[in-house]
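Beneath this line is the structure, given in structure tokens, with notes to follow.
Numbering (this note's numbering), first residue to last: 176 to 502.
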């Protein structure tokens, strides 16, 4: 059994801690908030997963050194916009523990994917990316889930697989770090659009079109940025896209529904109450599509909805009346 540090006490960090603790690992969670640490330590609860009861082999602390010291592996599970700043704060306490990036998104200021941040902040340090269709609510309830771990080193892939894999979680391996990373980040945008579509009352035909054409856009940009085409048709692309677009667990879908109902970005953030990766990701993907000259009509339409006051219904009409072309 391993000693595992989890950086981040949100729903995904806690869900992973429950899974790993149930396997017998000793888990230490870092939280930025004393009240969240106290809730975990004293009441075995997480405010983001109200139905979950945390096993006794999970502890939580607000001190990086206490959490990281004497651990075998570090899982980074914070919102993407905080990844660099938090990594800077705890990297001095790292020895040789590999880092597993479990967040999904981009750094808005640099347009970097999260693996690029690790490589810049910790050159030559071993790391991996864990991604796939995995709602925190379901993982915390031990509902069977399949995910992918991507790393440059096969031994690291196998080490992480052995830590996570049991009858409740199946882990596949990949060398395509960039593809796995980008699939997880870009699918949030299409899920946001799915929320708008749901609020507009569009039907199954519309959702099928959105998912398939959205996947086309994701893979176009992903390949340009260095991912492998086939990765986007696996668990971390198509799989994650399906679960995030169709599930009521998805905060990105919920955010899209609120925007479709006429709420502002600020109102949407307040109502959802947790980080909405898709809103920042839309801006990043829009800019990347311009830089790399990638055709992304869905991304451009939703960008205009968010930032140029395009009405969602008009955006649908615009997408449906674009120039004729082959699939």
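We put the beta carbon where it would ideally sit given N, CA and C, even for glycine.
Buried or exposed (CB count within 10 angstroms, at least 16 for buried), residue i
i, result
"residue 337", "exposed"
"residue 448", "exposed"
"residue 238", "exposed"
"residue 428", "buried"
"residue 263", "exposed"
"residue 219", "exposed"
"residue 501", "exposed"
"residue 267", "exposed"
"residue 471", "buried"
"residue 208", "exposed"
"residue 497", "exposed"
"residue 335", "buried"
"residue 389", "buried"
Neighbourhood of residue i by C-beta distance below 8 Å, restricted to the same chain and skipping five residues each side
i, result
"residue 377", "491"
"residue 327", "350 and 352"
"residue 318", "343"
"residue 443", "430, 433, 434, 451 and 454"
Among the options, the one whose alpha carbon lies nearest that of residue i
i, options, result
"residue 200", "209, 218, 180 and 206", "180"
"residue 287", "474, 308, 206 and 455", "455"
"residue 250", "207, 473 and 195", "195"
"residue 422", "370, 468, 471 and 385", "370"
"residue 345", "363, 359 and 320", "320"
"residue 395", "496, 185 and 465", "465"
"residue 274", "247, 442, 185 and 404", "247"
"residue 451", "433, 408 and 476", "433"
"residue 296", "309, 265 and 233", "265"
"residue 308", "334, 420 and 401", "420"
"residue 269", "439, 389, 244 and 281", "244"
"residue 364", "426, 234 and 240", "426"
"residue 155", "362, 311 and 191", "Since the displayed the chain opens at 176 and closes at 502, residue 155 lies outside it and no answer follows."
"residue 259", "281, 335 and 483", "281"
"residue 458", "283, 393 and 187", "283"
"residue 216", "445, 468 and 232", "232"
Beta-carbon proximity list for residue i, same chain, < 7 Å, skipping 5 on both sides
i, result
"residue 359", "279, 306, 411 and 415"
"residue 355", "304, 306, 323, 325, 349, 406 and 411"
"residue 236", "203, 205, 212 and 242"
"residue 372", "381, 382 and 385"
"residue 436", "374"
"residue 193", "227, 229, 230 and 315"
"residue 301", "273, 328 and 331"
Nonlocal neighbours in the same chain, by C-beta distance under 6 Å from residue i, ignoring five residues either side
i, result
"residue 183", "252 and 253"
"residue 340", "346"
Any non-hydrogen atom of the ligand NAP within 7 Å of residue i CB
i, result
"residue 342", "Inclusion of the ligand NAP in the displayed structure is not the case, the ligand content being empty and no account of it being possible."
At which residue ranges does the segment 222-248 contain complete beta strand (DSSP E) runs of 3 or more residues, listed in the order of the chain? Every unbroken stretch of the beta strand (DSSP E) spanning 3 or more residues and falling wholly within the segment 222-248 is given here in chain order: 233-236.
Runs of alpha helix (DSSP H) wholly within the segment 265-299 (minimum 4 residues, chain order): Residue ranges of uninterrupted alpha helix (DSSP H) with 4 or more members, entirely inside the segment 265-299 and ordered along the chain, are 289-296.
In the segment 384-411, which residue ranges form an unbroken beta strand (DSSP E) of at least 3 residues, counting only runs that do not cross its ends? For the segment 384-411, not a single whole beta strand (DSSP E) run of length 3 or above is found.
Do three or more CB pairs link the segment 253-269 to the segment 289-300 at distances below 8 Å? Touching, per the Cβ criterion.
Ignoring anything shorter than 4 residues, give me the alpha helix (DSSP H) runs that lie fully in the segment 410-469, in order along the chain. The DSSP assignment places complete alpha helix (DSSP H) segments of no fewer than 4 residues inside the segment 410-469 at 415-421, 426-435, 440-447 and 452-466, in order along the chain.
At which residue ranges does the segment 320-373 contain complete alpha helix (DSSP H) runs of 4 or more residues, listed in the order of the chain? For the segment 320-373, whole alpha helix (DSSP H) runs of length 4 or above, ordered along the chain, are 329-339.
What are the complete alpha helix (DSSP H) segments, minimum 4 residues, inside the segment 191-226? You should have 209-218.
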